[in-house]
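Visitor:
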Amino acid sequence: QPGYRLIKRFGDVNVFQKDSYLPLGFTYGSFIRFNDFKMSSKPQRTIALFNACVINEDDEKGLSGLDILNMGDVKENLMPDEYNQCIGRLKEDTFSVTKQSQNIIKGSIRLDAKKLLFFSIPYDSGWRAWVDGKREVLSNVNIGFMGLVLDRGEHTIEMRYQPPLL
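Take any residue in the sequence shown, count from 1 to its spot, add 78: that is its number in the working numbering.
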């Protein structure tokens, strides 16, 4: 299919790589309020997620310095080159994993501006995060995933998971 590249064949098994993959952690410079997001059309919501992170209004206070995406400016569809540009922007600042186990993820990221680091990990109260050795609160973003607001600069991040009530 378009967008996939054959990597290797093992007998009758083909291994493909998706060209437009996104890593475990990538950043957004803009956000959308959940109430605005849910009032838009389904195609607009899909495209909006390529441009901004969805947040609950209660979490907005920590996002000063990030842009607010106006859902009225979001298209109903994207041309293939526009889609590739959106993916390319999301891949500009990514989280580099240095250690990963069942309950620990460590890594680093360098940012030229304040951004929200999105993790493609479902939000769970058992996760704890440390940014540059200091405990930080993970936000529930994109309707059920984890995120951290980070200032400009280089950061080391450690996340640990312990099941709640354990």
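Glycine included, each C-beta is placed from N, C-alpha and C at the ideal position.
Here the structure is a predicted model, which is why all the values come from computation and not from measurement.
At which residues does the beta strand (DSSP E) containing N218 begin and terminate?
Guide: From DSSP, the beta strand (DSSP E) with N218 extends over S217 to V219.
Visitor: Could you check where the beta strand (DSSP E) with K212 kicks off and where it finishes?
Guide: Its beta strand (DSSP E) spans residues K212 to E214.
Visitor: My parser needs the beta strand (DSSP E) runs of 3 or more residues fully inside the region 99-175; what are they?
Guide: Those beta strand (DSSP E) runs which fall completely within the region 99-175 and span 3+ residues are 103-106, 108-111 and 131-133.
Visitor: Let me know the secondary structure DSSP gives L226 once reduced to three states.
Guide: Strand, per DSSP.
Visitor: Could you tell me how far apart the beta carbons of I187 and S174 are, in whole angstroms, since I believe they sit closer than 8 Å?
Guide: The Cβ separation is near 7 Å, so the contact holds.
Visitor: Would you decide whether L84 is buried or exposed? Buried here means 16 or more other CB atoms lie within 10 Å of its CB.
Guide: Exposed.
Visitor: Relative to the C-alpha of R167, which candidate in S203, W205, P101 and K116 has its C-alpha closest?
Guide: Considering only alpha carbons, the answer is P101.
Visitor: Out of S108, Q163 and H233, state which residue places its alpha-carbon closest to the alpha-carbon of N220.
Guide: Answer by Cα proximity: S108.
Visitor: Might you give, ordered along the chain, the residues of its own chain that have their beta carbon closer than 6 Å to the beta carbon of A191, omitting 5 neighbours on each side?
Guide: Closer than 6 Å at Cβ, skipping near neighbours: R230.
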